[in-house]
Amino acid sequence: MRILHLAPLWFPVSSNSLGGVETFLTGLIAALEKQGCHNALLAAGDSHAEAELLPVVPMNLFAQMEAGTAAEHLYFEQHQLLLALERATAFDVIHSHIGWGGFVLSGASGLPPVLHTQHNPVYQDLKWFVGRHPDLWYSTVSEFQARDYLSLIHI
0 MRILHLAPLW FPVSSNSLGG VETFLTGLIA ALEKQGCHNA LLAAGDSHAE
50 AELLPVVPMN LFAQMEAGTA AEHLYFEQHQ LLLALERATA FDVIHSHIGW
100 GGFVLSGASG LPPVLHTQHN PVYQDLKWFV GRHPDLWYST VSEFQARDYL
150 SLIHI
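The numbering of the sequence shown is numbering that gives the first Met the number 0, which starts it at 0 and goes up by one.
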């Protein structure tokens with residue numbers, strides 16, 4: 000199975016990253032590789048994981064903002080989404096870890112299934128969205144989050 004992962008661009012994906020999602024992804028990708036999956040990672044170029052790295056930006060956005068070479072993350076995330084759309088058909092699954100920005104991938108025709116992993120609390124706005132789009136593929140990183148989702152989705 001070929002999986003295209005979209006990582007947040009704030010920090011590099013690595014086992015010692017400052018970002019929780021970024022460290023989570025390192026372990027997830029390593030486990031998937033052991034199961035025989037091929038993983039590609041759309042992430043900051045200074046990331047280190049057992050995946051084919053497809054750099055969206057040369058360096059994580061936190062470092063770029065500190066250096067004064069970036070100010071607003073949304074343009075970089077939109078670039079990441081366009082790169083995902085360009086490459087999507089080469090994969091069996093797209094796994095988005097970027098939050099609400101990635102939901103639009105599920106609406107594009109001709110793409111493989113998109114799994115959206117929620118790494119943040121499930122607040123009322125997200126519940127509203129999930130209630131209107133229960134057909135999207137969602138996953139969580141905790142049972143606490145999962146309970147909130149299950150109350151919205153009819154299984």
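Beta carbons are placed, not taken as given, at the ideal position from N, Cα and C, and that holds for glycine.
Distance between residue j and residue i (C-alpha atoms, nearest Å)
{"i": "Thr139", "j": "Thr68", "result": "33 Å"}
{"i": "Gly130", "j": "Asp91", "result": "26 Å"}
{"i": "Trp136", "j": "Pro112", "result": "8 Å"}
{"i": "Asp45", "j": "Asn59", "result": "7 Å"}
{"i": "Ala29", "j": "Ala50", "result": "8 Å"}
{"i": "Gln123", "j": "Leu31", "result": "32 Å"}
{"i": "Asn38", "j": "Thr25", "result": "11 Å"}
{"i": "Pro11", "j": "Pro133", "result": "31 Å"}
{"i": "Gln144", "j": "His118", "result": "9 Å"}
{"i": "Pro57", "j": "Ser13", "result": "15 Å"}
{"i": "Ile97", "j": "Leu110", "result": "18 Å"}
{"i": "Asp147", "j": "His115", "result": "15 Å"}
{"i": "Lys126", "j": "Ser95", "result": "18 Å"}
{"i": "Glu85", "j": "Val121", "result": "30 Å"}
{"i": "His47", "j": "Leu27", "result": "13 Å"}
{"i": "Phe75", "j": "Gln34", "result": "32 Å"}
{"i": "Glu65", "j": "Thr22", "result": "21 Å"}
{"i": "Ser16", "j": "Glu142", "result": "24 Å"}
{"i": "Leu81", "j": "Gly100", "result": "12 Å"}
{"i": "Gly18", "j": "Cys36", "result": "24 Å"}
Which residues DSSP lists as bridging residue i, in chain order
{"i": "Pro88", "result": "One detail in the question is off: residue 88 reads as Thr in this sequence, not Pro. The partner list for Thr88 (beta bridge, DSSP) is empty, contrary to what the question assumes."}
{"i": "Thr116", "result": "Ser138"}
{"i": "Val121", "result": "Answer is none; Val121 lacks a bridge partner."}
CB contact flag (residue i, residue j, <8 Å)
{"i": "Gln79", "j": "Leu5", "result": "yes"}
{"i": "Leu41", "j": "Val55", "result": "yes"}
{"i": "Ala62", "j": "Leu8", "result": "no"}
{"i": "Leu104", "j": "Ala83", "result": "yes"}
{"i": "Ala87", "j": "Leu3", "result": "yes"}
{"i": "Ala70", "j": "Arg1", "result": "no"}
Backbone secondary structure at residue i - three-state DSSP
{"i": "Leu5", "result": "strand"}
{"i": "Ile93", "result": "strand"}
{"i": "Glu51", "result": "strand"}
{"i": "Leu41", "result": "strand"}
{"i": "Gln144", "result": "helix"}
{"i": "His78", "result": "helix"}
{"i": "Val103", "result": "helix"}
{"i": "Val129", "result": "helix"}
{"i": "Val56", "result": "strand"}
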